[in-house]
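Chemist: Just so you know, the protein sequences line up as chains A, B, C and D, in that order.
Number 294 in the numbering used here belongs to position 294 of the first sequence; there are no gaps in the numbering.
Number 1374 in the numbering used here belongs to position 374 of the second sequence; there are no gaps in the numbering.
Number 2264 in the numbering used here belongs to position 264 of the third sequence; there are no gaps in the numbering.
Number 3364 in the numbering used here belongs to position 364 of the fourth sequence; there are no gaps in the numbering.
Once you've had a glance at the structure underneath, I'll fire off some questions.
There are 4 protein chains.
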Amino acid sequence: MNYQSVPTEIPTIGPAKISSPVQKKEYNNICNFVHEEERVLLDINPESIMDKIRNKEAVASFEMAGPREKIYFDPSKLKCAVVTCGGLCPGINDIIRALVLELYYGYRVRHVFGIRYGLQGFIPKYGHDLVDLTPHVVTNILEMGGSILGSSRGPQDIDEIVDCLERSNISLLFMIGGDGTIMAASKIADHISEKGLNISVIAIPKTIDNDIFMVSRSFGFETAVEVATQAIRGAHNEAESYPKGIGMIKLMGRYSGFIAATAALAEQSVNFVLIPEIDFDLDGENGLLNKLGKRLADRNHCVIVVAEGAGQKYFESAENSCDESGNIRLKDIGMYLKDVITGHFSKNNIEISLKYIDPSYMIRSLPANANDSIFCSFLARNAVHAGMAGKTKMLIGHWNDYFVHIPLSATAGKRKQVDPHGPLWRSVLESTGQGALKNDL
Amino acid sequence: MNYQSVPTEIPTIGPAKISSPVQKKEYNNICNFVHEEERVLLDINPESIMDKIRNKEAVASFEMAGPREKIYFDPSKLKCAVVTCGGLCPGINDIIRALVLELYYGYRVRHVFGIRYGLQGFIPKYGHDLVDLTPHVVTNILEMGGSILGSSRGPQDIDEIVDCLERSNISLLFMIGGDGTIMAASKIADHISEKGLNISVIAIPKTIDNDIFMVSRSFGFETAVEVATQAIRGAHNEAESYPKGIGMIKLMGRYSGFIAATAALAEQSVNFVLIPEIDFDLDGENGLLNKLGKRLADRNHCVIVVAEGAGQKYFESAENSCDESGNIRLKDIGMYLKDVITGHFSKNNIEISLKYIDPSYMIRSLPANANDSIFCSFLARNAVHAGMAGKTKMLIGHWNDYFVHIPLSATAGKRKQVDPHGPLWRSVLESTGQGALKNDL
Amino acid sequence: MNYQSVPTEIPTIGPAKISSPVQKKEYNNICNFVHEEERVLLDINPESIMDKIRNKEAVASFEMAGPREKIYFDPSKLKCAVVTCGGLCPGINDIIRALVLELYYGYRVRHVFGIRYGLQGFIPKYGHDLVDLTPHVVTNILEMGGSILGSSRGPQDIDEIVDCLERSNISLLFMIGGDGTIMAASKIADHISEKGLNISVIAIPKTIDNDIFMVSRSFGFETAVEVATQAIRGAHNEAESYPKGIGMIKLMGRYSGFIAATAALAEQSVNFVLIPEIDFDLDGENGLLNKLGKRLADRNHCVIVVAEGAGQKYFESAENSCDESGNIRLKDIGMYLKDVITGHFSKNNIEISLKYIDPSYMIRSLPANANDSIFCSFLARNAVHAGMAGKTKMLIGHWNDYFVHIPLSATAGKRKQVDPHGPLWRSVLESTGQGALKNDL
Amino acid sequence: MNYQSVPTEIPTIGPAKISSPVQKKEYNNICNFVHEEERVLLDINPESIMDKIRNKEAVASFEMAGPREKIYFDPSKLKCAVVTCGGLCPGINDIIRALVLELYYGYRVRHVFGIRYGLQGFIPKYGHDLVDLTPHVVTNILEMGGSILGSSRGPQDIDEIVDCLERSNISLLFMIGGDGTIMAASKIADHISEKGLNISVIAIPKTIDNDIFMVSRSFGFETAVEVATQAIRGAHNEAESYPKGIGMIKLMGRYSGFIAATAALAEQSVNFVLIPEIDFDLDGENGLLNKLGKRLADRNHCVIVVAEGAGQKYFESAENSCDESGNIRLKDIGMYLKDVITGHFSKNNIEISLKYIDPSYMIRSLPANANDSIFCSFLARNAVHAGMAGKTKMLIGHWNDYFVHIPLSATAGKRKQVDPHGPLWRSVLESTGQGALKNDL
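See the structure below:
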């Protein structure tokens, strides 16, 4: 893809003139700051980089995340706030904890507030009080899933949110959420600019589906894959234990099938993976039903993994509704496939034993595993560094294995998807042997 | 309860005259056999025992399980078979493995066959071959859930089953299954007697619901409780993370609520437990809906655990259907409650956030945890000891903390349930504070 | 064994005259109290019970644990304290939590204090403050291992302890600890009697070794076995992965080999189990070294589990020292065996690959698994019921599958051990095939 | 660092002229091959890339891994072999399994042999037979830790190894091992060239320490960190539960402290991290002992993580010995620190409670977690793609988040270490607050 069009410049709310308290004298010999010139190329293909340079085009790169020598906010006077929005995801509490610990111990900020129940917490009519976030409050929250602040879905009035920030003297806001939240962060930051306020907004992308554009890994994803793997193992055991046994697991992934595709690779016992990015037929020679029949005839059992957003074409005629966040309510492809498959074999007088597993809430409400905890710790510390330096309208991302600053405008309204020609999907095809489930190619 | 009516005598298929190879000479000083006189009282209350004795009544007791000095079968000529029936349960493979290892290394039996796919495996028309079960085949199956032999539901022709045993020269059959299987074992053993054959039938009770009559603990139950606990934790996280959040978990338990009641005690974050043994109202002052409303008003979140067999009175008018095993297909109380609760609060204009979790297949298809593995090992070894001694028409049970021999007739057709006046339910009431969910008491 | 000599009577500090607040009216129809006549036989063998009765001997039985209709203490005035002593064990925090929740919500006791760092917390010179234990403090401690109160080893002055209780107006003391603590509890209770004070002392036995006399199961043991099993699996992997690989695991068990013997049964990949109760030779035909050599020659790998208290005869000449609790410091049998085995094969020019694993602190510092959590919840609630009823000088035990009251005098100074003739050790012999490791039998 | 000097060219043993069977016709529309021009920059800093180009210097890049359209070997005639060397690491069996499945199902290679017990398996005098590796053999090995092929340490005669390959007609050898193995692979490949044989050698780097030069992530590392985290949690519980409690954990890391530094970030309860890359003093104002004393005085407990290779300067005078692989046997810094710390506080009459945990064998013998399994699957499939394409003298690495081909010469004899100025160590300093443990800076 062409990365040249991706915005990479990070706005600031003012000049960073204060010496950072982060690096105490005793560290000097062994630790340093990140300089603004340290950047990370978007594209790592030497051919295309060379082409750009020959054509005198600019080469796109992101700012490297990390502590700056000079900061914008005076820690002794600063008030910060943290809000968590949307669905649960393993690691939210890790993020909250690391934000508070870095602000408190790293920068000696003494006022960090938690906003209760997502954007609702800004809005007076809901009556949710602010929560004081101190090291004592957050120190033991790692083992808990969910969000100690609570969350909620759906937009709230941007004006009221900014009013709340202003009224509470909050100058640095950390927003943890998915693409809806990134959109809201963008609008909040714009409204702040319009009002001429000096409030910085830093987002930390939260998406269990791993579908934030320009963010190669998002927190909680590895935990989700790990638990999804256990569900697949259960489905495989059910499938193998009965004649013509079918284990079918529905996994999260509204528009992007990363969890389904990745989890399918862990044990390689999956025979069909269905994701939103790849169209599939049910009928016809190459359709799922025919191939499933062959598989059962050959091997007597079969495991199917379906992402929740797959096969939505089968509901096209049905009318759509939306949830409070404005997400289109997807029809349940898992239940649909269960019915279609059961009907198909029943019609053909073949007795099957289909077990359907939908583990979604059991996955998203878990605490993060150790590697996601570590990842969260880096995300949050880097978010603090960026915010303290006066950067705004940005999120902390991960690109080419580095933590980077990404402008909200680079990701808002876009979505990362499984590349049908890339190594992930190729591995799924190799591992499942499912081929193209399409009759006309 | 009155234990006096419980049958306790174990039939044998012939006299045990052969010296057991189990206890090799070198063991003599440190290991011994179980004598037939070693028995375990059914009732451990001294008052009622004294009463019996004063009234010259017999005092009921079970045979203690364990290796006998003399055995009936000649190991060098014996052929054994193992069959696993019904739904999956953690530990089935542990049972298979320990049966094979004890027969092979303990008694030096060289012919152990696995019957494929439950009772189907006996019936020629299904065409499932017997499987040779050797130490090599079973040595690494502990980490796998499910059953390496496969299973199936539903009865098969008893005559054909006994024919198969006779034709294959199998003289010792181990049947792993629930109450349907225990019934089948009873009929098979009766038919064997009628035909004058010397085939012993030993059952090992398998019930993830822990509802076999006169069996205080069944394998897989602790594993099931452990994983159910994780689902409850997830539900609790979901409930706490949203305003007026409700986490509802449906757990296994068709007629007995042991998993639901026990798992609710592990974290004590559950507010309502609904089980088949305890009637509950939805409406009225003491009904679930009113109490749930109060809970949400007071604490803003709530966790409900419902056993699949609870509240079936709400479906009484609906017509019933049965599955292949003849089990009545229960209506889905979880989905029903979800709809009723959602409707109730919607009608009252209270916005709730209800998350419904149904982890059943993810639980039953797991491998056993370490303690269940150990328990399985004792069950299986004791089953082998009993079978080799020529005992038949019995199952291996656990009573007052001892492994015992229980006649099939003692449990077939009955069911263990949660005692509304016993310590388990009392603890649930203490832990949840739910009180009686009934308007007329 | 002869249970007739075991004391079974539980002292009280006064008559229980106050109606218990535990059972609220709404429960009446579905829950009841435990009556004092409900008891549990120590011996469940019908033969020996009959013999006793024929001989007009008393038949020993324990009081059944559970809530009483009448209590001694007035909840509105009562102050309670909780202390945790000795080594860590999975489940201590579960016990603390359930004690507090039952006292607070069940009996409406409003003053529960935590004593810091074991018996040290009673002694002024250490300067440890009391901790207020409220539901808020304990609600989220389940996921944490260790003890939130802290612990310490060693005795403290009994007089000072009783002074502290008196000075703080504490009338009900819960002591969580092992045999040293049970001894201390006994002395404290005696001193209280001597001083004519109305202070009740209830112990909850804590022993990861599962070696408290007359207590069939103690909390944390199943968790310990579960994790020990993982260490064994690791040792087995190491052993199998190298030519003549030996995996040796040292497990806890100073005087009793329950963890070693039980964990060895979980996977049945262990070839030798060495425990304090069973003597073994190193040299000679039946000695460990010769049998190990044969095993390596035959199968090329071997797994050995050794309890820390096994083979202490090899250190007899060495002088002994004691730790602060007065426990004799055992010589390290694991390191000793490692050296002996390495030397033996080196002398015989056989190259082996021995890996030694000592997981003890990784086990005892864990949080309890779900089943231990549930067990802890029952122990603690029953301890509260007993204490509120005015019972004293007792501990909560588990016998023949029931929770019972056991006088401190029944267990203090004695120890439960693995019965060389019982089913546990018999199963170890069957599973390992190790035979007697003795030359003269 | 200057990446320009890193070799990046991959040798081949001949032209790839055969059409790959991997991509069957039905895949064509949705899957493609990797072209030789697809490469990954070593350096992703745009500044330095620009500099290179302005200076007309070449810009270093690695070949992208993945399936090629044309392959060198004829699958129907090819014989492959797999060997696993050195210490255990989570994921070895995942690698073996994915190699076999890709060769068998992807390329239809029918002859894959396993070499037993590392390089020993090539040498006739050890008498280890080759093992046939078929899908059936490997399908269920994922849950097992260790290596199903076995391993061994130490070099073997290169000539004999190549003879064995030639004699067995093996043309494609996969070597799984650490830096010793990579050296051996290099020598074997050179000897093959000298003898004019057409045998390809592909290495898959195995290092639980994550210290292979130019390889950003190696398999098993995340699993190791996850389990190390549990050990740290245990140490933390021990430390908090006793007055002046110290929990000390020794973790793997002979020359590189990645596990210690990374695991310390997961829970952020660690106070001191000691790694080989960072010198530290024991005595003096900034020395460990003084800072530890302050920590205990302030907070009453402390957690120390020490990598096995840290502080080797304290053993400088001691003579060194080597293990069979030629690794210098490190002195045990953990035991040394334990003694020094105990002595220090004893001398100062301060009673501490130090618990020392060394979990190494419990970590390395584990099966891989789900994310490492997936990573292994990618590594192994890419190794097969590279080998089938006729590439040799290379390993499969991971760089800037891509799988790449790295010449053996780029990594052999070098080592990756924790950068004292990089984000990992900076985060450790922020999280621990330990500062520089040096008196002269």
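From the three backbone atoms N, C-alpha and C, an ideal C-beta is built for every residue, glycine too.
Using a Cβ-Cβ cut-off of 6 Å (strictly less than) and excluding sequence neighbours within five positions of A:K442, which residues of its own chain qualify?
Modeler: It is not possible to answer for residue 442 of chain A, since the shown part of chain A is limited to 1 through 441.
Chemist: Determine the chain B residues that contact C:Q2312 at a beta-carbon separation under 7 Å, and present them in chain order.
Modeler: Simply none; closest approach about 19 Å.
Chemist: Looking at chain B, is there any beta carbon in it that lies within less than 8 Å of the beta carbon of D:N3140?
Modeler: Closer than 8 Å: yes.
Chemist: Run through DSSP, which three-state label would D:L3343 get?
Modeler: Leu is not the amino acid found at residue 3343 of chain D; the sequence shown has Gly there. DSSP places D:G3343 in helix when its eight states are reduced to three.
Chemist: Just checking: is the beta-carbon of B:E1160 within a distance shorter than 8 Å of some beta-carbon in chain D?
Modeler: no
Chemist: I need the straight-line Cα distance from A:L437 to A:Y314, nearest angstrom please.
Modeler: When only Cα atoms are considered, A:L437 and A:Y314 end up about 15 Å apart.
Chemist: Please report the distance separating the alpha-carbon of C:Q2268 from that of B:D1094.
Modeler: Their Cα atoms are separated by approximately 10 Å.
Chemist: Over what stretch of residues does the alpha helix (DSSP H) that includes A:Y402 continue unbroken?
Modeler: Premise fails: A:Y402 lies in the beta strand (DSSP E), 402-407, not in any alpha helix (DSSP H).
Chemist: Find the residues of chain C that neighbour A:E143, judging by a C-beta separation of less than 8 Å, and give them in chain order.
Modeler: Residues of chain C passing the Cβ test: E2143, M2144.
Chemist: Should the segment 362-377 of chain A be regarded as contacting the segment 220-234 of chain A, the criterion being three or more beta carbon pairs within less than 8 Å?
Modeler: yes
Chemist: Look up B:M1064 in the DSSP assignment and give the residues it is bridged to.
Modeler: B:V1404
Chemist: Can you list the residues of chain C that D:Q3120 reaches, using a CB-CB cut of under 8 Å?
Modeler: Chain C residues near D:Q3120: P2243.
Chemist: So, helix, strand or coil for A:R116, using DSSP?
Modeler: coil
Chemist: Strictly below 9 Å CB to CB, what residues from chain B border A:Y117?
Modeler: Under the 9 Å cutoff, chain B gives S1241, Y1242, P1243.
Chemist: According to DSSP, which residues form a beta bridge with D:V3083?
Modeler: D:M3175
Chemist: How would you call D:I3350, buried or exposed, if buried means at least 16 neighbouring beta carbons within 10 angstroms?
Modeler: exposed
Chemist: Can the beta-carbon of C:I2115 be found closer than 8 Å to that of C:L2130?
Modeler: yes
Chemist: Buried or exposed: D:M3335, going by 16 or more other Cβ atoms within 10 Å of its Cβ?
Modeler: Here D:M3335 is exposed, its C-beta having fewer than 16 other C-beta atoms within 10 Å.
Chemist: Taking only beta-carbon atoms, is D:S3427 less than 8 Å away from chain A?
Modeler: yes
Chemist: Taking the alpha helix (DSSP H) that C:C2376 falls in, what are its first and last residues?
Modeler: 2370-2388
Chemist: In the structure shown, what three-state DSSP assignment does A:T432 receive?
Modeler: helix
Chemist: Could you tell me whether the Cβ of D:L3366 comes closer than 8 Å to any Cβ of chain C?
Modeler: yes
Chemist: Hey, quick one: how far does the beta strand (DSSP E) through A:L251 stretch, first residue to last?
Modeler: 245-251
Chemist: Would you mind working out which of D:P3067, D:I3044, D:R3068 sits nearest D:S3061, comparing C-alpha positions?
Modeler: With distances taken between Cα atoms, D:S3061 lies closest to D:I3044.
Chemist: Using only the alpha-carbon positions, how far apart do A:V428 and A:H421 sit?
Modeler: 11 Å
Chemist: Tell me the DSSP secondary structure of D:Y3107 in three-state form.
Modeler: coil
Chemist: Might you give, ordered along the chain, the residues of its own chain that have their beta carbon closer than 8 Å to the beta carbon of C:F1948, omitting 5 neighbours on each side?
Modeler: With chain C running from 2001 to 2441 in the structure shown, residue 1948 of chain C is simply not present.
Chemist: Under 8 Å between the Cβ atoms of C:G2086 and C:R2167?
Modeler: no
Chemist: When you compare only the Cα positions, how much space is there between C:P2205 and C:P2067?
Modeler: 19 Å
Chemist: For the segment 2344-2374 of chain C, list every residue whose C-beta sits within 7 Å of some C-beta in chain D, in sequence order.
Modeler: K2355, I2357, P2359, Y2361, M2362, S2365, L2366
Chemist: If distances are taken between C-alpha atoms only, which option among A:V112, A:H128, A:Y117, A:G253 comes closest to A:V137?
Modeler: Taking only the C-alpha atoms, the option nearest A:V137 is A:V112.
Chemist: Could you tell me which chain C residues have their CB closer than 8 Å to the CB of B:R1039, listed as they occur along the chain?
Modeler: N2045, P2046, E2047
Chemist: Considering only DSSP beta bridges, list what B:G1014 is partnered with.
Modeler: Per DSSP, none; premise fails for B:G1014.
Chemist: At a Cβ threshold of 8 Å, is D:R3381 touching chain A?
Modeler: yes
Chemist: Helix, strand or coil for D:N3028 per DSSP?
Modeler: The pLDDT assigned to D:N3028 is 47, lower than 50, so where the model puts this residue is not dependable; a value taken from the coordinates is nonetheless given after this. If DSSP states are grouped into helix, strand and coil, D:N3028 belongs with coil.
Chemist: From what residue to what residue does the alpha helix (DSSP H) around B:P1135 run?
Modeler: 1135-1138
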